[in-house]
Amino acid sequence: MELRYFIIRRLLVLIPTLIGLSIFVFLLMWAYGPCNLVSVYYTVRSHNCAVIAPQEGIYLNDPVLTYLTYVEHLITGNWGIVGGSGFFLPQGQVLYYISIFFPNTLQLALAATVLSLLIAIPLGTYIGSKPNSAADHFGRIFSLSGYAMPTFWLGYLLIFFFGQGVSSFPTNVLGFVGNGLVNYHHSLPDWVSKTTLLSSPTHILLIDSLLNGDPAMFVRAVDYLILPVLTITYGILAGILRFIRAGMVDSANQEYVKTARAKGVPEKVIIKKHIRRNALLPTITVIGLLISSLLGGVVVVEEVFTYYGIGYLLIQAINPRSFEVWLVMGGTMVFALILVMTNLIVDVLYAYLDPRIRY
Amino acid sequence: MAEININPAEMVAKQEKRANPRVEELKASLRLLYKNRLALVGLIIVAIYYFIMVLDFAYPPWLGVPNLNSIYVFTRTYGIVQTPISPFVLSNGLPYILGGTQYNIALLPAMLGALRFDLGVSTLVVAIGAAVGITVGTVSAYLGGVVDEIIMRVTDIFFSIPFLVLAVAVTALVAHGAGGGLNGLILALIIVWWPIYARLSRSLALSTKSLNFVEAARAAGSSKARNIFVHIMPNVLSPAFVQMSLDIGSVVLIFATLFFLGVIPISALSAPPELGVLINYSVGQAGYASNLFFLGFWWTFLFPGLFLLVFTVAANLLGDGLRDILDPKLRR
Amino acid sequence: MVGLKTRFFTANGIVKAIDNLSLSIKTGETFGLVGESGSGKSVTATSIMDLIPDPPGRIVHGSVYVDGFNILSDLPKLAKIRVKSEKDVIIKRNKRAIKRHGYVLSGIRGSKVAMVFQEPYLSLNPVITIGEQIKEAILLHNRRSIAESLIKRETLNKEDVEKMIDNIMSQPDLLTRQAIIHDWCLDYGIPDLETPVNDLVNNSTDRDFIVREATEMAFAERENLNIDDILTARDYYKNVDDLHELNLRKLELESTGNEAGLAEIDARISDLEASLRSEFFSYRLRLKIMKRRYEKPFEVVAQRKALELLRQVNIAGAERVMDSYPHELSGGMQQRAMIAMALSSTPKILIADEPTTALDVTTQAQILDLIRDVNKRSKTSVLFITHDLAVIAEMCDRVGVMYGGNLVEEAPVREIFKDAKHPYTTGLLNSIPRAERRFEKSARLESIPGTVPNLISPPTGCRFHPRCKFKMDVCGEKKPKLIEIEKDHRVACFLYSDEVEEEPKEEVP
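Protein chains in written order, with the numbering used here: chain U, 1 to 359; chain E, 1001 to 1332; chain Z, 2001 to 2509.
Here it is, written out as structure tokens:
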């Protein structure tokens, strides 16, 4: 019961942030030049912007009214128009593109999160229980190098060593199959034509292939996820490891650990039950920051691996040759929403897990 | 013998009293830094990088570093050399000791020039961002109330967008729109970076504000401005400095990433001398056909990347060590 | 405790926290340890269970006999310490020996020696419920007895009940009857039946009726467990306990260097380990896979016992407290829970390290009563550590006074207050504010001049001499020995004896 009110309150606090977010994004695009928002402007450059703009709800002298148009776009659900420049993407609505590209990003981000947690929790427990040991120093350097690694550089390095010329690692294949967009930009890779999916209800290849009963496709889907996921994981692992270690060291010095020892609890159980549980709780609170850096990594990795996700979309939209204002704004909005939602979930999770928090 | 009666405990106490606590503190910090070998290594490497950066402005012609007037531009000539020059061949001349990259750019001077550009701009970004952030955060914490609330909601907005995405979006829109090119980029990165310092210094200032000596100063009639800058600010600065040392690595990294991604347009004939750009040249923008790295010209990819990596690792080591040293809780 | 030395190796030098401390606590007595803060009282307490945090601290010398066994008998093997200078010490730890040391000690900590700490709100794990924490303590040391009582309960038959009832009938005294019923119920693992059976016996005189009813009740308590599993479990835990016991003896023999005995013990240990591996392989496997199912009967018993313990320490609403987290309780309640946890295995000695310092006055009295109660009821020895002399006077049978890591005086509590010998003790006594003293002529409180010595470089000779009123030349040069000057009254001061404490030959930092 209490938890429900906490969630509701937390959602209410979210509203001003979201409004501020939309204003911020709007200001950015206003700074870029309102004429660029007019869809016709792309196709027929000879038109007089000042004449056409008001027809699409864009008032060159009135940012407030134009902002309202933007909000209307956001609420009614097309989020603007893509495809004026026609270089990269066919004409369409921003939200449509996002709905196709987003599942891939979700799959990538989730896989990286899960993998890094799977590695970081046991590893952090281990090195955190032995501060200043050789393992600890190694872990420290390992995590620092992950922190400092240029993601794009690592990505290409991995492709070079594992993904190049080795057919089992299709690093440059498409994030989604069975969509018209594929043919538009790239020709299909060999294996796709051999095993074609009948339908793609979720747009997540991992799931779609299973729904279609196509294990070979599933294997390929896993295959092409491996390198991007590894690249991202290496980057964010550092942060998680650092926090878990710090938490472990901190709670190992607490009095209750002494109590547990005085009770005669074996050292292994002390580490797992008494120290780690207390160390992981504060780690949850920094997940928000980690997700922020994870999403940054996603953008770079998607570009490097030509992985069709929101990040790839965003970078394409920013490319001067295929610049799409609405798409830049839409992509930024999506990333912000993912982060905001994750933070919300993290807060609720923390409140749920830590008995000391009273909502 | 017995009359002299030296009491060691008192002796120690006297000695401790005589020494200046600030000097003692500094000495202890330096001793800890010396003990923390990793941080020391980081400090040395970062110092070397900055030294090279400063040295670059002195324009050593024997290195072939592009002269001051053209530091923002790699000069390259199309079509002259399609095969990059191999590294470690002395007969090509000193500038080509690390080989050349596409368009016949000599790698070593290009990297040094890029360092000057990267490090200079990043330092500028961090310094201005920190200055703005610390001022805003401290003042906001001191004033409290509505001002504080509004400023914090604004930083909330910045924090709700992933850093890199924010940088990409702001750079793309501001740099294109404001037409400033590089200035737009710097402005964009400052916009991205100040909220971090605002948050940090706000929380630090809040905890300092409640300390007794600030209360005492206020009771003694010290003015608001004086209170902020004389009493609160110094306590904010040292953690902020740690954050800056950690951030300089990240800013260089983001800077290179932005250039790599082509957020700042790299035109056909000229581009800023930048490590990300160098790597971009190496792996090619338009697919694998022109990917020098995959074609076997590994040096075009490896050297700029390692050059960048060594700096970011060193900056992180230093920042990490500084945090351990300046945080008395972690001292043993 | 003999010749205990504990050191903390810090960046500023070696802190000689305890230097050559010997004391003994008899069964059933309450021993008070008193001194200023920083005199090494708490370090003494933690040293007894070897709970000194490492790094930075280590016990470097000495032995602690608990119940006849020296828990520090493998001390020299644990780590090699090389002192280059005060600030530069190299400690080489022997990981295997430390692991074994930890294994052996974990069987003693909590079961034979239990501890109550100063700050209950820090000493309880904030994210685990009180009940869970007490249950953990119970399940750590009492699995074998739990298994046995489970078996007894499940195999209980009518004859057993008859025997008990007959026994009661033959006892006319009500209290004796209650005691018998209490013991019997505990013995058979059916504490719930204590009250109903009592009522039954008190309200009826018909033997057959009582027997019938009691048997019925006892049978209703049964939970139709798989008795074979429990039997296996009992054997398994018996072997585990035996193994621990054997390891204890092995350690003891190793320190005395008894080769023949060692070989025999080694053989028995490897036998036992082999049997644990082979015979109980399937049980352990099943335990791993279906933990919940096999643990459940133990959990249930532990739950009951935990409830009983909480009631024993006078916690109202024990059921509710079981499920609450430490922060939801008041300081007094938390400390009671701590005591309940300490009592979970009926320890031989309870170390109370300033258990009342962090509590307010009214709660203090209750906690003190509780500890005294425990001491009286179950003949548990108590080592009571405090800086509050009033509490000492209230609680203890004998008192030790500590100064700068040394025990300077030890005497029965009456002697200390009536006839303190050591100048430090008298100083300490004179510095207590007392109500009646205010109306005497010399109304000023006396304090001891100076401060507690820096234990990195403690004063030479008697550590108290720089602050002592009766300082003599010899005090700065030699260290007085703790000698018995009256019956049970020992003092370390040159005012009373010229004996010098000899430093042990071996080099100890």
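Every residue gets a Cβ at the ideal spot worked out from N, C-alpha and C, and that includes glycine.
On a predicted model such as this, the values are computed, not experimentally measured, just so you know.
What are the start and end residues of the alpha helix (DSSP H) that includes Z:E2159?
Unbroken alpha helix (DSSP H) run through Z:E2159: 2158-2169.
Based on Cα-Cα distance, which residue from Z:L2276, Z:S2381, Z:D2229 lies nearest to Z:K2296?
Comparing C-alpha distances from Z:K2296 to each of Z:L2276, Z:S2381, Z:D2229 shows the shortest one belongs to Z:D2229.
Assuming Z:A2352 and Z:I2371 make a contact with CB atoms under 8 Å, what is their CB distance in whole Å?
The distance from the Cβ of Z:A2352 to that of Z:I2371 is about 6 Å, consistent with a contact at the 8 Å cut-off.
Please confirm if Z:G2584 has its CB atom under 8 Å from at least one CB of chain U.
Examination of residue 2584 of chain Z is not possible in this model, given that chain Z is present from 2001 through 2509 alone.
In chain order, what residues of the same chain lie with their CB nearer than 7 Å to the CB of E:I1232, ignoring the 5 residues before and after it?
Residues T1138, Y1142, A1205, T1208, K1209, V1214 of the same chain have their beta carbon placed closer than 7 Å to that of E:I1232, with the five preceding and five following residues left out of the count.
How would you write the range of the beta strand (DSSP E) that Z:M2333 sits in, first residue to last?
Counting along the chain, Z:M2333 falls outside any beta strand (DSSP E), though it belongs to the alpha helix (DSSP H) covering 2331-2342.
For the region 273-292 of chain U, list every residue whose C-beta sits within 8 Å of some C-beta in chain Z, in sequence order.
Hits within the stretch, in order: K273, H274, R277, N278, L281.
Sort U:I287, U:P54, U:I275 by Cα distance to U:N253 and report the nearest one.
Measuring from the Cα of U:N253, the nearest candidate turns out to be U:I275.
Just curious, the beta strand (DSSP E) that Z:P2412 is in, first and last residue?
2406-2412 is the span of the beta strand (DSSP E), which, as asked, contains Z:P2412.
Within the chosen definition, does the region 102-114 of chain U reach the region 215-233 of chain U through at least 3 CB pairs nearer than 8 Å?
Yes, since at least three Cβ pairs between the region 102-114 of chain U and the region 215-233 of chain U fall closer than 8 Å, the two stretches touch.
Could you tell me which of U:L106, U:A109, U:N78 sits nearest to U:Y97, measuring between CA atoms?
Its Cα nearest to that of U:Y97, the residue U:N78 stands out among U:L106, U:A109, U:N78.
Beta carbon proximity, E:S1070 to chain U, threshold 8 Å
Because E:S1070 carries a pLDDT of 42, less than 50, the predicted location of this residue cannot be relied on, and no value is offered for it.
Grouping DSSP H, G and I as helix and E and B as strand, with all else coil, what is U:R356?
Three-state result, U:R356: coil.
For Z:R2463, three-class secondary structure by DSSP
In the structure shown, Z:R2463 falls within a coil segment according to DSSP collapsed to helix, strand and coil.
Nonlocal neighbours in the same chain, by C-beta distance under 6 Å from E:N1092, ignoring five residues either side
Answer for E:N1092: I1085, listed in chain order.
Return the CA-CA distance between E:I1325 and Z:I2090, expressed in angstroms with no decimal places.
Looking at the two C-alpha atoms, the distance is approximately 23 Å.
Give every residue of the same chain whose Cβ lies closer than 6 Å to the Cβ of Z:T2356, excluding the five residues on either side of it in the sequence, and list them in chain order.
Sequence-distant Cβ neighbours of Z:T2356 in its own chain, meaning closer than 6 Å and more than five residues away, are Q2364, I2367.
Delimiting residues of the alpha helix (DSSP H) encompassing Z:T2205:
Neither: Z:T2205 is in no alpha helix (DSSP H) and is coded neither H nor E.
Could one say the Cβ of E:A1286 lies closer than 8 Å to chain U's Cβ atoms, at least one of them?
Below a pLDDT of 50, predicted positions are generally treated as unreliable, and E:A1286, at 42, falls in that range; the measurement from the model is reported next regardless. Cβ-Cβ to chain U under 8 Å: no for E:A1286.
Answer yes or no: do Z:G2400 and Z:F2031 have a C-beta to C-beta separation smaller than 8 Å?
It is a contact, given that the beta carbons lie within the stated cut-off.
Which word fits U:A134, buried or exposed, when buried means at least 16 other C-beta atoms lie within 10 angstroms of its C-beta?
In this structure U:A134 is exposed. Its beta-carbon is surrounded by fewer than 16 other beta-carbon atoms within 10 angstroms.
Euclidean distance between Cα positions of Z:D2206 and Z:K2135:
If I take the Cα positions, the gap works out to 40 Å.
Reduced DSSP secondary structure (H/G/I, E/B, other) of Z:D2353:
The three-state secondary structure of Z:D2353, taken from DSSP, is strand.
Please work out which residues of its chain come closer than 7 Å, Cβ to Cβ, to E:A1130, disregarding the five sequence neighbours upstream and downstream, and give them in chain order.
Only Y1197, A1240, M1244 meet the Cβ criterion.
Three or more C-beta pairs under 8 Å: does that hold for the region 341-358 of chain U against the region 274-292 of chain U?
With the cut-off at 8 Å, the region 341-358 of chain U and the region 274-292 of chain U touch.
Indicate whether U:F335 and U:I310 have their beta-carbon atoms separated by less than 8 Å.
In this structure, U:F335 sits near U:I310, with a CB-CB distance shorter than 8 Å.
Taking the beta strand (DSSP E) that Z:A2114 belongs to, which residues open and close that run?
Its beta strand (DSSP E) spans residues 2113-2116.
Where does U:T332 land, buried or exposed, given buried means 16+ other C-beta within 10 angstroms?
Using a 10 angstroms sphere on the CB of U:T332, the tally of other CB atoms reaches 16 or more, which defines it as buried.
Which of helix, strand or coil DSSP assigns to Z:H2387:
Here Z:H2387 sits in coil by DSSP.
Starting from the C-beta of U:T69, find all residues in its chain whose C-beta is less than 7 Å away, skip the five residues before and the five after it, and write them out in chain order.
Around U:T69: G57, I58.
Proximal residues of chain E, C-beta to C-beta of U:S145 below 7 Å
Those are V1313, listed as they occur along chain E.
How long is the line joining the alpha carbons of Z:Q2178 and U:Y350, rounded to whole angstroms?
When rounded, the distance between both Cα atoms is 50 Å.
Please list the partners that E:L1317 has in chain U, where partner means a Cβ-to-Cβ separation under 7 Å.
Simply L144.
Run through DSSP, which three-state label would E:G1042 get?
E:G1042 falls in the helix class under three-state DSSP.
Please compile the residues from chain Z whose C-beta is within a distance smaller than 8 Å of the C-beta of U:E2.
Here the premise fails: no neighbours, minimum Cβ distance about 14 Å.
Could you spell out the range, first to last residue, of the alpha helix (DSSP H) harbouring E:S1250?
Per DSSP, E:S1250 belongs to the alpha helix (DSSP H) from 1233-1261.
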